[in-house]
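All remarks here apply to the structure that follows.
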Amino acid sequence: MDTGAFFALKVDSDVNHRRANRFLPRILDGEFGSMITTDYVIDELVTLTRMRVNHTAAVKLYESIMSSSSIEVASVTTNLRSKAFEIFRNHPDKEYSFTDCVSFALMSSLDVQDVFAFDAHFTHFGFTLHP
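So for the sequence shown, numbering that gives the first Met the number 0 puts the first residue at 0; every next one is plus one.
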């Protein structure tokens with residue numbers, strides 16, 4: 000799961016809020032396997048929520064994700080960060096964020112093809128974007 004998907008699920012005013020919430024039951028039913036994200040995505044999400052909503056919402060969102068039994072938060076290791084930087088360095092023509100590159104590297108290492116996101120960069124890198 001990417002930052003935009005988490006944000007859209009929780010923020011009613013987000014342009015993708017309805018689409019995200021219509022798609023969520025498919026994830027919860029296990030259609031795509033277990034949910035995984037990275038601590039970099041969580042960092043980006045908490046910051047985004049703090050800036051666009053407020054501090055209280057950011058704290059609640061962090062706590063709900065970290066206490067969830069259905070979401071695995073992978074810590075970015077030195078090896079994963081190195082692979083992400085390789086992707087970042089080798090694509091100067093793309094506007095990939097470093098956090099996206101970390102997600103690309105993790106997904107590639109786990110042979111994951113499906114991503115819950117609203118960021119077309121995932122399709123550029125060959126993943127299947129949902130919803």
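Note that beta-carbon positions come from the ideal geometry of N, C-alpha and C, so glycine has one too.
Keep in mind it's a predicted model, so treat the numbers as computed, not measured.
| Asked | Found |
| --- | --- |
| Buried versus exposed call for residue 69 [16 or more other C-beta atoms within 10 Å across all chains shown] | exposed |
| 4-residue-minimum alpha helix (DSSP H) runs that sit fully inside the region 41 to 100, ordered along the chain | 54 to 65, 77 to 88 |
| Residue from 22, 2, 40 with nearest C-alpha to residue 74 | 40 |
| Cβ neighbour criterion (16 or more within 10 Å) applied to residue 114 | buried |
| Through-space distance from residue 126 to residue 81, alpha-carbon basis | 20 Å |
| For residue 31, the nearest candidate out of 121, 122, 112 (CA to CA) | 112 |
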